[in-house]
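K.L.:
Dropping a structure here in structure tokens format, bear with me for questions.
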Amino acid sequence: MTPTSLDGLVARDAELAVFQDFLDRLAHGRGGCALLEGEAGIGKSTLVAVLRDQARRAGFEVSHSTCDELRQRFPLAVLLDALGVDPRSPDPLRVWAATGEYGGSPSPPRADDDAEATARGWSVSLVGGDPVMAGVERLLELVDRLCANGPLVMAVDDLQWADEASLLVWHHLCRATLQLPLLLVGACRPVPRRTDLVRLRREIKARYGSVLSLDRLPREAVAELTRRVTGAPPGPALAERLELGAGNPFYVRELLDALARVRIATPSGPVTELADVAGPDAEQAADSRGLHARQSWRTLASAIADRIDFVSADTREVLRTAALLGADFSVAELTQVLGRSALDLAPTMEEAIAAGVLESEGIRLRFRHELLREALQESIPGPLRVTLRRDAAKALTAGGAPVEKVAELLLAATDAADGWELDWLAENAAGLSRRAPDVAAELIGHALGNAAHDDPRRDVLEDHLAALSFLMARYEQAEQSTRRILAAPASRERHGQAVWFLGYTLMRTNRLGEAHDLIARAVADPRASPVWQPRLGVLAAMAGLSADHYDEAAEAAKRILAAGGPDPDPMTAGYALHTMAMSRFARGDMPGTVEAIDQALAVVHAEPELTDLRLLLSANQAAALINLDRFAEAAERMRTARALAERTGTPRINSLIVLAGELAYQQGRWDDARAELATFADPTRNAFVQYLPTVVHGVEALIAGHRDDRRTANRHLHALPDATGAVAYQTNNGGYLLMARALAAESAGRADAAAAELRVLLDPEYAVMDDRASMFPHLVRLALDTADLPTARQAAEAARIDARANPLPRAVAAGDWCHGLIGSDPDLVLAAADAYRTAGRRLEHGNAMEDAAVLLAAAERVDHARSAAAEALAVYEGLGAVWDARRASARLRPHGVRPGVRKTRRRPQNGWAALTETETRVADLVRSGWSNPEIAKRLLLSRRTVETHVSHILAKLQAGSRREIAEIAESAGVTDGTGQRVAQH
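Here my numbering is used: the first residue of the sequence shown is 21, the next is one more, and so on.
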């Protein structure tokens, strides 16, 4: 180890001990997280370097990178570098992380250039989903898979310059350290003070590991540092001079090196002392080299400047240019910018390395410390710095540099733009949008602001900005951009495309009237594009759907589809079939819905611009399949759609997560439902996902209420405002929340309040609620319990009407159940219970059997009542529905029916018996060494859902690592690694 690398180890024994403990835990499969804090030069990077060296010697895989202020706007850049994610990597796993193509599971098709998109009627290629969130998901899965191969150490310096997406990944990985052999080490300065870093610090300190704040070195440590650098401790005069370093190791070292360069500080006997103290000969030598400099090194900046000034003028100028390229750079980049050959630059690079300004890192060069680069940058006047960055971007463009490298420099040089960047942006907007959509939008917006109104490059840039803003759900910007396009002369194709984006924007922001008028004018315009006119006609039909004009919308879509002939435009046909499917869904024609969506998916499957429609169709088809009780098909449809959503990073992933949670709830897999919903992230303010929190909190509150966990139920009930039915999409998706509120009231002994909660189902606006029929039996029972016979009869009749209008299996069963209650006919209720049992709807099965048992007991059919009650209680026991079991027993007790000794117990909190069925299967696969992504694929779950299950397993088994889960699984019984027990011999 070089003396420089030892600098930061002076007086750092406590921190090294913490690191060693982390490494020891990692060797036993336990992860951890550490955050190093301290001012620049305090020794953070040195400690990180020591940790990396120790980890490599222990046989762990190590990844490392440093954040750079210049790259802060480029999502995931630091983590891509750290993990070696590159499409040219020899590792197929890293190629997949870079491109989404690996192992036969390619990314969804996309338009690679504007020419291909133009052939499909678009003026520019579109980004499917959010490429940044797709990259986040791939990086998280990559780390998961790497950890399955062995312990991994990830270290990142200068986190204060990390981009937001990288910090998001870091947050997720901090949680993952609780279940993976993963050690995260980040280092950051105290400023700039960022709220996301403050939150990260708080979470690490509270849950995941240690926050280490590095203090300045005391005098004795500075003396030891001097001894290591010079060979002897400092004498009194040198010690006094080194106090200028304020205990900062880097500063102290820079002072020592500066003094040594002019031989002012030299070893003198047992100490190192200043030249004028060491003797007259040394004094004379020092004077000849600039003794006056002793008075000028009073700041760190001046000491650093001295190091830079010590190199030749040519090297100094090369270093200034290099500083503009970022914390690290390649020789090839430097040759392009300077216009000099690598052979010509070799002596300057060698001198810079020898002077301690640069150091090698693989095939690239980097500044030995960020403070050196900052000093070089600051030595260039601000306006000149901007101009030089612009010129550097030009030079790199000519050399074919990656789009992000050019864009980095352009972002810092927008004030010096002279027009050349318009050509580059027009040519590279699509690629930049896929890599850094925020940067693309900013650069395009700035370029448009500076371009002349008659500049021919405006059209393509404006089209890119409109498309990008719409797909990023920046609806205000999308509206502004599309209105500019429509206000200026434009081709028919560009005009049609702009109307589509603007019309859809208005629909998603609930401005249906404006959308209808805009689209109607465009469709009626005789100059309309033959490609876009039918597309806009379908958009008009979709606006009709949003306004509840289902039949008119379906007829319009049908006419447009027929006009397309045997080889229709995929976009027109896809949206037309979607409109027809949603009209059928609203009328309760679920088989027709499934059929129409099958046709639509066949049409849009290979269209890159229609990825969002493909996901929308898949989610709607899964919902229809659930309504048909075709649960296995629904699960498979959601699995493939969710995989696509994760690969594209679309916000529609939230809809699929919630739908998976609903499916698990309706099947009675309540723990699985909670695991699915735990992966839900609050969606962006998109109109088409605003209802999702209502569903999430409703399902969570219902499960907690049935399990008699009133505290959790109340927390979810109060997480949302009372105005559930404020808008149509909230009303249609508010059923779970209504049931949860009614259940909370009933369990508190207020049956009348519970009935009042559900009585709103009889209001006309609630007719749009597609699961209303399944709630009527509960309203009928509560109304009868509170002697409100008119409400009970009205609800029973409404259930029968709904069943006739939408003859779904569960709706028909609900109608029979209601009329069985009204007529005190247990056989009708038993028929409903049998239908629910066959369908696999466990809660409805148990509730109907409970009601049947009460009716049988009232009819003095005691044996049948006891049998029905036992079946109901068996269902409740499997669900953990403690409240339902207690209610059933209380209702039967007055009739003298005591259904055996069965008692519904809560699942144990700890130990193997506490695991759910799915958790047991996951634990078995963990025992076999499977990674979370592999388990997800095997069990048809998402990676994040498996991650949630593993977290629950660790907590219930009180285990500290996957290795400990495997040991406990082994002791619990031998498995074949697929969740199936095998005999022991």
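Backbone N, C-alpha and C fix where the C-beta goes; we use that ideal spot for every residue, glycine too. Bear in mind the structure is a predicted one, so any value in this text is a computation, not a measurement.
Nearest-angstrom Cα distance between Val144 and Pro628?
P.N.:
Translated into the one-based positions of the sequence shown, residue 144 becomes position 124. Translated into the one-based positions of the sequence shown, residue 628 becomes position 608. Answer to the nearest angstrom: the Cα atoms are 12 Å apart.
K.L.:
Relative to the C-alpha of Arg409, which residue among Met369, Gly346 and Ala352 is closest?
P.N.:
Position 389 of the sequence shown holds residue 409. Of Met369, Gly346 and Ala352, the residue nearest in Cα terms is Gly346.
K.L.:
Closest to Ala352 by CA distance: which of Leu799, Ala362 and Asp44 is it?
P.N.:
The count along the sequence shown starts at 1 and reaches residue 352 at position 332. Residue Ala362 is the option with its Cα nearest to Ala352.
K.L.:
Return the chain-ordered list of same chain residues with a C-beta closer than 6 Å to the C-beta of Val152, the five sequence neighbours on each side being excluded.
P.N.:
Residue 152 sits at position 132 when you count from the first residue of the sequence shown. Around Val152: Pro95 and Ala185.
K.L.:
Starting from Arg694, trace the beta strand (DSSP E) both ways and give me its first and last residue.
P.N.:
Along the sequence shown, one-based indexing puts residue 694 at 674. Not the beta strand (DSSP E): Arg694 falls in the alpha helix (DSSP H), residues Trp690 to Leu697.
K.L.:
Report yes if the C-beta distance between Tyr932 and Thr940 is below 9 Å; otherwise report no.
P.N.:
By one-based count along the sequence shown, residue 932 stands at place 912. By one-based count along the sequence shown, residue 940 stands at place 920. Residue 932 is actually Trp in this sequence, not Tyr. Result yes, Cβ atoms of Trp932 and Thr940 sit closer than 9 Å.
K.L.:
Can you tell me whether Gly949 is buried or exposed, with buried defined as 16 or more other CB within 10 angstroms of its CB?
P.N.:
Stepping through the sequence shown from its first residue, residue 949 is reached at position 929. Classification of Gly949: exposed, given that the 10 Å Cβ count is below 16.
K.L.:
So the candidates are Gly120, Gly61, Gly52 and Glu766; which of them puts its Cα closest to the Cα of Pro201?
P.N.:
Numbered from its first residue, the sequence shown carries residue 201 at position 181. Per the Cα distances, Gly52.
K.L.:
Rounding to the nearest angstrom, what Cα-Cα distance links Asp790 and Val902 in this structure?
P.N.:
Residue numbering aside, residue 790 sits at position 770 when the sequence shown is read from its first letter. Residue numbering aside, residue 902 sits at position 882 when the sequence shown is read from its first letter. The straight-line gap from Cα to Cα measures roughly 28 Å.
K.L.:
Using a threshold of 8 Å, is the CB atom of Glu766 nearer than that to any non-hydrogen atom of the ligand NAD?
P.N.:
Annotation note on the ligand NAD: not contained in the displayed structure, which lists no ligands.
K.L.:
Go to Ala175, then tell me how far its beta strand (DSSP E) extends in each direction, as first and last residue.
P.N.:
Taking the first residue of the sequence shown as 1, we reach residue 175 at position 155. Segment Leu172 to Asp177, the beta strand (DSSP E) holding Ala175.
K.L.:
Any chance you could list the alpha helix (DSSP H) runs of at least 4 consecutive residues sitting entirely within the region 486-562, in chain order?
P.N.:
If we require 4 residues or more, the alpha helix (DSSP H) runs fully inside the region 486-562 come out as 495-507, 512-528 and 532-544.
K.L.:
Smallest Cα separation from Tyr524: which of Ser566, Phe39, Leu187 and Arg731?
P.N.:
The sequence position of residue 524 within the sequence shown is 504, counting from 1. Cα-wise, what sits closest to Tyr524 is Ser566.
K.L.:
For Ala75, which residues of its own chain have a beta-carbon under 7 Å away from its beta-carbon, when the five flanking residues on both sides are left out?
P.N.:
By one-based count along the sequence shown, residue 75 stands at place 55. Within the same chain, Ala75 has close Cβ partners Leu43, Val82 and Val173.
K.L.:
Evaluate Thr215 with the Cβ neighbour count: other Cβ atoms within 10 Å of its Cβ, from every protein chain shown; 16 or more gives buried, anything less gives exposed.
P.N.:
Taking the first residue of the sequence shown as 1, we reach residue 215 at position 195. Looking at its Cβ environment, which holds fewer than 16 other Cβ atoms inside 10 Å, Thr215 is exposed.
K.L.:
Quick one: what's got a C-beta closer than 8 Å to Gln40's C-beta in the same chain, skipping five residues either side?
P.N.:
Within the sequence shown, residue 40 is the residue found at index 20, counting from 1. Cβ neighbours of Gln40 beyond the five flanking positions: Gln74.
K.L.:
Taking just the CA atoms, how far does Pro784 sit from Ala774?
P.N.:
The residue labelled residue 774 in the question sits at position 754 within the sequence shown. The residue labelled residue 784 in the question sits at position 764 within the sequence shown. Going by the C-alpha atoms only, they are around 20 Å apart.
K.L.:
Classify Gly439 as helix, strand or coil using the three-state DSSP reduction.
P.N.:
Residue 439 sits at position 419 when you count from the first residue of the sequence shown. In this structure, Gly439 counts as coil in the three-state DSSP scheme.
K.L.:
For Gln180, count the other beta carbons within 10 Å of its own beta carbon; 16 or more makes it buried, fewer makes it exposed. Which is it?
P.N.:
Mapped onto the sequence shown, residue 180 falls at position 160. Under this definition Gln180 is a buried residue.
K.L.:
How about Leu396 and Thr368: are their beta carbons less than 9 Å apart?
P.N.:
As a first step, residue 396 must be located in the sequence shown, where it is residue number 376. As a first step, residue 368 must be located in the sequence shown, where it is residue number 348. The answer is no: Cβ separation not under 9 Å.
K.L.:
Between the alpha carbons of Ala601 and Glu967, how many angstroms are there, rounded?
P.N.:
To locate residue 601, count along the sequence shown from 1; it is residue 581. To locate residue 967, count along the sequence shown from 1; it is residue 947. The alpha-carbon atoms of Ala601 and Glu967 are separated by roughly 35 Å.
K.L.:
Leaving aside the five residues before and after Ser233 along the sequence, list all residues of the same chain whose C-beta is less than 7 Å from its C-beta, in chain order.
P.N.:
Taking the first residue of the sequence shown as position 1, residue 233 is located at position 213. Only Glu57 and Gly58 meet the Cβ criterion.
K.L.:
Can you give, in chain order, each stretch of the beta strand (DSSP E) that sits fully within the region 822-891 and has at least 3 residues?
P.N.:
None, since the region 822-891 contains no complete beta strand (DSSP E) of that length.
K.L.:
Go ahead and pull the three-state DSSP assignment for His389.
P.N.:
One-based indexing of the sequence shown puts residue 389 at position 369. Looking at His389 - three-state DSSP - the assignment turns out to be coil, as it is neither helix nor strand.
K.L.:
Nearest-angstrom Cα distance between Tyr756 and Gly725?
P.N.:
For the purposes of this step, residue 756 is taken as the residue at position 736 of the sequence shown. For the purposes of this step, residue 725 is taken as the residue at position 705 of the sequence shown. Their Cα atoms are separated by approximately 12 Å.
K.L.:
Contact criterion: CB-CB distance below 9 Å. Does Ala905 meet it with respect to chain D?
P.N.:
As a matter of chain content, chain D is missing from the structure shown, which is built from one protein chain.
K.L.:
Can the beta-carbon of Trp552 be found less than 9 Å from the beta-carbon of Gly608?
P.N.:
Locating residue 552 in the sequence shown gives position 532, counting from the first residue. Locating residue 608 in the sequence shown gives position 588, counting from the first residue. No, these two residues do not count as a Cβ contact at 9 Å.
K.L.:
At which residues does the alpha helix (DSSP H) containing Thr968 begin and terminate?
P.N.:
Position 948 of the sequence shown, counting from 1, holds the residue named residue 968. Taken as a continuous stretch (DSSP letters only), the alpha helix (DSSP H) holding Thr968 covers Arg963 to Leu977.
K.L.:
Can you tell which of Ala563, Thr407 and Leu876 has its C-alpha closest to the C-alpha of Ala1006?
P.N.:
No information on residue 1006 is available, as it lies outside the stretch 21 to 1005 that the chain covers here.
K.L.:
Among Pro171, Val218, His192 and Ser230, whose alpha-carbon lies nearest the alpha-carbon of Val205?
P.N.:
Residue numbering aside, residue 205 sits at position 185 when the sequence shown is read from its first letter. Looking at the Cα atoms, Ser230 is the closest of the given residues.
K.L.:
Report the three-state DSSP secondary structure of Arg108 (helix, strand or coil).
P.N.:
Your numbering for residue 108 matches position 88 in the sequence shown. Note: Arg108 maps to coil in three-state DSSP.
K.L.:
Considering His191, what are the terminal residues of the alpha helix (DSSP H) in which it resides?
P.N.:
Residue numbering aside, residue 191 sits at position 171 when the sequence shown is read from its first letter. Run containing His191: Glu184 to Ala196, per the alpha helix (DSSP H) assignment.
K.L.:
Provide the residue span of the alpha helix (DSSP H) that contains Thr714, from first to last.
P.N.:
Numbered from its first residue, the sequence shown carries residue 714 at position 694. That run of the alpha helix (DSSP H) goes Leu712 to His726.
K.L.:
Enumerate in chain order the residues of its own chain whose CB-to-CB distance from Ala992 is below 7 Å, with the five nearest sequence positions on each side excluded.
P.N.:
Looking up residue 992 in the sequence shown gives position 972. For Ala992, where only same-chain residues beyond five positions count, the Cβ hits under 7 Å are Trp932.
K.L.:
What do you get for Arg222, buried or exposed, if any count of 16 or more other CB atoms within 10 angstroms of its CB means buried?
P.N.:
Reading the sequence shown from its first residue, position 202 is the one you call residue 222. Classification of Arg222: exposed, given that the 10 Å Cβ count is below 16.
K.L.:
Kindly identify the DSSP beta-bridge partner or partners of Cys53.
P.N.:
Taking the sequence shown and counting its residues from 1, the one referred to as residue 53 is at position 33. Answer is Leu204 and Gly229.
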